[in-house]
Amino acid sequence: MTTTIANLADAPAEDRLASAIGLIARQVPDRTAIVAQAGSDARRTIDYATLAAAITKLEADLAAARPIGIVARAKRVESLVVIAAACGREHVPVAFLAEDARDLVGELRDWVAIDDSLSLPATAAAGPRREFETVPPQVVVATSGTSGPPKLVDHSWDSLLAAARLAEQWHGLGWLLVYDATRWAGLQVWLQALLTAGRLVVPASRDPDAVAKAVVDEQVSILPATPTLLRRLITSADRGFVSKMKLDRITLGGEAADAALLEQAKELFPGVKITHVYATTELGEVFRVTDGQAGFPTEWIGRPLPGGVRLSMRRDGELLVQLSRDTAEVATGDLVERRGGRYEFTGRRSDVIVVGGAKVFPRRVEEVLRSVPGIADARVYGLPSAITGELVAAEIVITEPLPDSTTPDHVRSAALAVCRERLEPHSVPRIIDFTKKLATTPAGKIPRRPS
Amino acid sequence: MTIPDSIAAAICSVLHDTGRKAPDISPPSLLSADLGLDSLDLAQTIVLLERSLGVDPFRGAAAGPRPSIRTVSDLIAIYTTALNHQ
Chain A
1 MTTTIANLAD APAEDRLASA IGLIARQVPD RTAIVAQAGS DARRTIDYAT
51 LAAAITKLEA DLAAARPIGI VARAKRVESL VVIAAACGRE HVPVAFLAED
101 ARDLVGELRD WVAIDDSLSL PATAAAGPRR EFETVPPQVV VATSGTSGPP
151 KLVDHSWDSL LAAARLAEQW HGLGWLLVYD ATRWAGLQVW LQALLTAGRL
201 VVPASRDPDA VAKAVVDEQV SILPATPTLL RRLITSADRG FVSKMKLDRI
251 TLGGEAADAA LLEQAKELFP GVKITHVYAT TELGEVFRVT DGQAGFPTEW
301 IGRPLPGGVR LSMRRDGELL VQLSRDTAEV ATGDLVERRG GRYEFTGRRS
351 DVIVVGGAKV FPRRVEEVLR SVPGIADARV YGLPSAITGE LVAAEIVITE
401 PLPDSTTPDH VRSAALAVCR ERLEPHSVPR IIDFTKKLAT TPAGKIPRRP
451 S
Chain B
452 MTIPDSIAAA ICSVLHDTGR KAPDISPPSL LSADLGLDSL DLAQTIVLLE
502 RSLGVDPFRG AAAGPRPSIR TVSDLIAIYT TALNHQ
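From first to last, the protein sequence lines are chains A and B. When the letters of the first sequence are read in order and numbered with the numbering used here, they come out as residues 1 to 451. When the letters of the second sequence are read in order and numbered with the numbering used here, they come out as residues 452 to 537.
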């Protein structure tokens, strides 16, 4: 199997998922492909043979109906896998619409929706058919909408699978899926797991205890997560479970990973390889940093990286990316700042809070707040103000339990004092609220708007 | 709490947060000269008052001359009007 999976790279990208699952199903039919609802009583498993059989059936239906495109409407991860694999094999374009992007379905005229029943609706046969294959099949994914309304982005199967690792060291591993399976980051995780005979573990919820239990119970070795989700796991999950985790690798993406979080993770999971990936839904993976430090080395700016990517910087600090010589330079909306020998991410351009004309980087304020004893986590956002445009506001989660004789009020005063000492006056939060749990966006990031 | 009390409490808490001592607050007090409030302090006061009084008279205010807010009694008048129009 080892050699055959590695040989998949020779097959056309759109065939790879169906081919890999078929191959694994023939050799080890009852191997578990997906553990759904992990960590709960509703736990169920799906093996490779079951996936392969469902793919073959849907392929036949698609071949008969020839729809112009499929919208994957399914809720279950295994259904999304089957739809993707069958559409790829049959050269039918397929769209994955996350919950908050459902309104965009209107842009996909005459595309046919498939839900968890995995059957084509009867009306599909009456709709327009694809007569000629003029364009390669594409995969449509919605952006996460962190910095604006979600929009649909077309990808080729080649770009979707560009970052997948097929080498033997990646075979048969346990992968945790905390991302939404319909988004770019989630697709990357389940494609990687199922292309390499891995076990995809989907926790029953994003609650830190449920995630930690799923990691331990299902022997997850690879944990892809946003820094926000990892921070929550570290600060809020039952330490008993966290200490029993047997991770090999943590892959952070979706947001910048700050130095404090990386240090905490190294301390808590000694020996675990910690990588952060810089990727966007539009560009795919741009680079990954494997030295466990925040940001990236300053010498990466201005010279081509392995693979041909070129990074440069606008005068205001916005990171620009050119994927290859023949592609245009793209403004990423991410701001970087030089700190020693690194460029560190200070935030998204659209996240910047403007207070009386002065810029505030919410990430920077959050980092300072998290350094205050008694504060487990923090979220900083801009509150609209008629007087100053915006006002810096923060929600903080108190460490539990607080040391004796310390009250939340003490923590609040300490937070203000530390912020006054380390931040510009206009960056000091003017409104501080306590909360038990910080909100996250569906993509697992920190929301930057008032809740 | 009455409107003047709510306003005094909000100003006290803004001054306290920023490590300043609250002087006597009375209707004729000048927000800037007597109490030392800058525009950020005033913005914070307005958010606190929205929470205690349930109204933000400055939100979505149409362009045009803004009512003068120089003294505590200016604020009292603005909030009294806003609450009466609710």
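For glycine and all other residues, C-beta sits at the position ideal for the given N, C-alpha and C.
Proximity test, Cβ basis, 9 Å: residue i and chain B
i	result
residue 140 (chain A)	no
residue 431 (chain A)	yes
residue 388 (chain A)	yes
residue 426 (chain A)	yes
residue 423 (chain A)	no
residue 448 (chain A)	no
residue 420 (chain A)	yes
CB contact below 9 Å: residue i versus chain A
i	result
residue 469 (chain B)	yes
residue 525 (chain B)	no
residue 521 (chain B)	no
residue 475 (chain B)	no
residue 507 (chain B)	yes
residue 533 (chain B)	no
residue 460 (chain B)	no
residue 528 (chain B)	no
residue 515 (chain B)	Here residue 515 (chain B) scores only 49 on pLDDT, less than 50, and its place in the model is too uncertain to base an answer on.
residue 486 (chain B)	no
Within chain B, partners of residue i - CB distance below 7 Å
i	result
residue 383 (chain A)	498
For residue j and residue i, believed in contact at Cβ under 8 Å, the rounded distance
i	j	result
residue 77 (chain A)	residue 36 (chain A)	6 Å
residue 228 (chain A)	residue 446 (chain A)	5 Å
residue 40 (chain A)	residue 204 (chain A)	4 Å
residue 29 (chain A)	residue 47 (chain A)	7 Å
residue 527 (chain B)	residue 458 (chain B)	6 Å
residue 379 (chain A)	residue 366 (chain A)	7 Å
residue 443 (chain A)	residue 180 (chain A)	7 Å
residue 141 (chain A)	residue 187 (chain A)	7 Å
residue 320 (chain A)	residue 331 (chain A)	6 Å
residue 327 (chain A)	residue 153 (chain A)	So it is not a contact: roughly 15 Å between Cβ atoms.
residue 114 (chain A)	residue 164 (chain A)	Actually they do not touch by this definition, with Cβ atoms about 24 Å apart.
residue 105 (chain A)	residue 69 (chain A)	Not confirmed; about 11 Å, so no contact.
First through last residue of the alpha helix (DSSP H) which encompasses residue i
i	result
residue 266 (chain A)	259-268
residue 241 (chain A)	239-244
residue 79 (chain A)	77-89
residue 51 (chain A)	48-65
residue 502 (chain B)	490-504
residue 15 (chain A)	13-27
residue 160 (chain A)	157-160
residue 527 (chain B)	523-535
Chain B residues whose Cβ lies nearer than 9 Å to that of residue i
i	result
residue 355 (chain A)	491, 494
residue 416 (chain A)	468, 469, 470
Per-residue contacts from residue i into chain B (C-beta, under 8 Å)
i	result
residue 391 (chain A)	491, 494, 495, 498
Run of the beta strand (DSSP E) containing residue i, from where it starts to where it stops
i	result
residue 418 (chain B)	This structure leaves residue 418 (chain B) out entirely; chain B is present only between 452 and 537.
residue 338 (chain A)	330-339
residue 227 (chain A)	Residue 227 (chain A) -> not in any beta strand (DSSP E); alpha helix (DSSP H) instead, spanning 227-236.
residue 433 (chain A)	431-434
residue 95 (chain A)	94-96
residue 249 (chain A)	249-252
residue 139 (chain A)	138-142
Neighbour flag for residue i against chain E, beta carbons, 9 Å
i	result
residue 456 (chain B)	Any reference to chain E falls outside this structure, whose protein chains are A and B.
Check: residue i C-beta below 8 Å from any heavy atom of the ligand SAM
i	result
residue 360 (chain A)	This structure lacks the ligand SAM, and indeed carries no ligand of any kind.
Q | Segments assigned beta strand (DSSP E), at least 3 residues, entirely inside the region 164-214 of chain A | A | Qualifying beta strand (DSSP E) stretches, in chain order: 174-176, 199-203.
Q: May I have a chain-ordered list of the beta strand (DSSP E) segments no shorter than 3 residues that lie completely inside the region 355-423 of chain A?
A: 358-360, 375-385, 389-398
Q.
What ranges does the alpha helix (DSSP H) occupy inside the region 271-348 of chain A, keeping only unbroken runs of at least 4 residues that lie completely in it?
A. You should have found no qualifying run.
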